[in-house]
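Notes follow once the structure below has been shown.
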Amino acid sequence: MAVNLTAYRQVLSETDHHHARLVAVSKIKPVSDIMALYEAGQRIFGENYVQELVDKASQLPQDIQWHFIGHLQSNKVKYIAPFVSMIHGVDSAKLLREIDKQAAKQGRVIDCLLQVHIATEETKFGLNGQELYQLLDETGDLQHVRVAGLMGMASNTDDEAQIRREFAELKELHAAVKEKYFAGRDDFKELSTGMSGDYKIALEEGSTLVRIGSLLFGARNYV
Ligand SMILES: *Cc1c(COP(=O)(O)O)cnc(C)c1O
Numbered sequence: 001m002a003v004n005l006t007a008y009r010q011v012l013s014e015t016d017h018h019h020a021r022l023v024a025v026s027k028i029k030p031v032s033d034i035m036a037l038y039e040a041g042q043r044i045f046g047e048n049y050v051q052e053l054v055d056k057a058s059q060l061p062q063d064i065q066w067h068f069i070g071h072l073q074s075n076k077v078k079y080i081a082p083f084v085s086m087i088h089g090v091d092s093a094k095l096l097r098e099i100d101k102q103a104a105k106q107g108r109v110i111d112c113l114l115q116v117h118i119a120t121e122e123t124k125f126g127l128n129g130q131e132l133y134q135l136l137d138e139t140g141d142l143q144h145v146r147v148a149g150l151m152g153m154a155s156n157t158d159d160e161a162q163i164r165r166e167f168a169e170l171k172e173l174h175a176a177v178k179e180k181y182f183a184g185r186d187d188f189k190e191l192s193t194g195m196s197g198d199y200k201i202a203l204e205e206g207s208t209l210v211r212i213g214s215l216l217f218g219a220r221n222y223v
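Following UniProt numbering, the numbering of the sequence shown begins with 1 at its first residue and continues without gaps.
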């Protein structure tokens with residue numbers, strides 16, 4: 001399956017228009033596909049699995065910014081801490097503390113996004129509003145993580161109004177948290193929302209980072 005450069009250019013014109021950035025989600029896809037998009041100018045790639053990310057990063061150009069977008073287990077943070085550029089799915093104080101510890105060992109500060117559960121589907125991932133505030137209250141002392149914003153996934157539905165409501169809700173929460181914890185600071189600017197099916201709505205609702213996979217790389221065939 002070839003990379004869809006027409007779709008890539010279309011998405012880029014839309015993200016540029018909204019002053020947002022594109023995370024090209026390359027999970028399951030071969031390094032040759034990543035190189036094809038790299039040669040078209042893309043530098044931010046998103047991966048979901050630690051071992052796959054470590055393998056790919058070792059084979060690909062150093063100036064790629066790797067975003068980890070999957071569910072990260074605390075005991076695996078050490079493998080990506082030396083090079084990862086942003087971690088999108090942080091949903092516990094324990095995980096944030098482990099990232100801080102491993103980043104300190106590397107002499108780095110790692111950008112993290114806190115994942116908020118906005119969809120109606122039941123999932124064990126993501127914080128509710130109350131848990132988000134609690135996490136921020138507990139972890140303000142950390143020196144080697146930069147809380148760069150929030151991440152969320154809308155419900156898997158055709159109901160565009162619902163998707164828009166969920167993204168808008170997250171945008172409001174983002175503004176409230178920024179005001180309470182980051183007022184006057186340059187941190188906490190990112191809102192990571194939007195995938196292949198709903199990124200246009202996400203951009204209209206304030207997304208700064210869209211995470212797009214299948215639209216660029218074709219459908220994923222899990223084996
Ligand atoms: C796989 C994945 C994406 C990309 O999904 P597409 O529908 O292929 O664009 C985005 N975000 C997360 C968290 C993912 O796991």
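A virtual CB, placed ideally from N, CA and C, is assigned to each residue, including glycine.
- Who are the Cβ neighbours of Y181 in its own chain at under 6 Å, not counting the five residues just before and after it? L136
- Query: Count the other CB atoms within 10 Å of the CB of A161; is the residue buried (16 or more) or exposed (fewer)?
  - Reply: exposed
- Item | For residue 234, three-class secondary structure by DSSP | The shown model of the chain, from 1 to 223, leaves out residue 234, and the question about it has no answer.
- Message: Taking its Cβ as the centre, do 16 or more other Cβ atoms sit within 10 Å of H174, making it buried, or is it exposed?
- Response: It counts as buried.
- Measuring from the CB of V25, is there a heavy atom of ligand 1 at a distance below 8 Å? yes
- Task: State yes or no: is the C-beta of L127 nearer than 8 Å to some heavy atom of ligand 1?
- Result: no
- Task: Please report how far the alpha carbon of H19 lies from the alpha carbon of V54, in whole angstroms.
- Result: 30 Å
- Run through DSSP, which three-state label would residue 224 get? Here the chain covers residues 1 to 223 and nothing more, so residue 224 does not appear.
- Message: Taking only three categories from DSSP, how would you classify V54?
- Response: Three-state DSSP puts V54 in a helix.
- Taking all protein chains shown into account, decide if K124 is buried (16 or more other Cβ within 10 angstroms of its Cβ) or exposed. exposed
- Task: Taking the CB atoms as reference points, tell me whether L215 and A7 lie closer together than 9 Å.
- Result: yes
- Taking only the alpha-carbon atoms, compute the straight-line gap between L127 and D141 and give it to the nearest angstrom. 20 Å
- Return yes when the C-beta of H88 is under 8 Å from any heavy atom of ligand 1, and no when it is not. yes
- Would you mind giving the Cβ-Cβ distance between V3 and A57, rounded to the nearest angstrom? I have them listed as a contact below 8 Å. About 19 Å; that fails the 8 Å criterion.
- Assign R211 to buried or exposed, taking buried as 16 or more other Cβ atoms, counted over all protein chains shown, within 10 Å of its Cβ. buried
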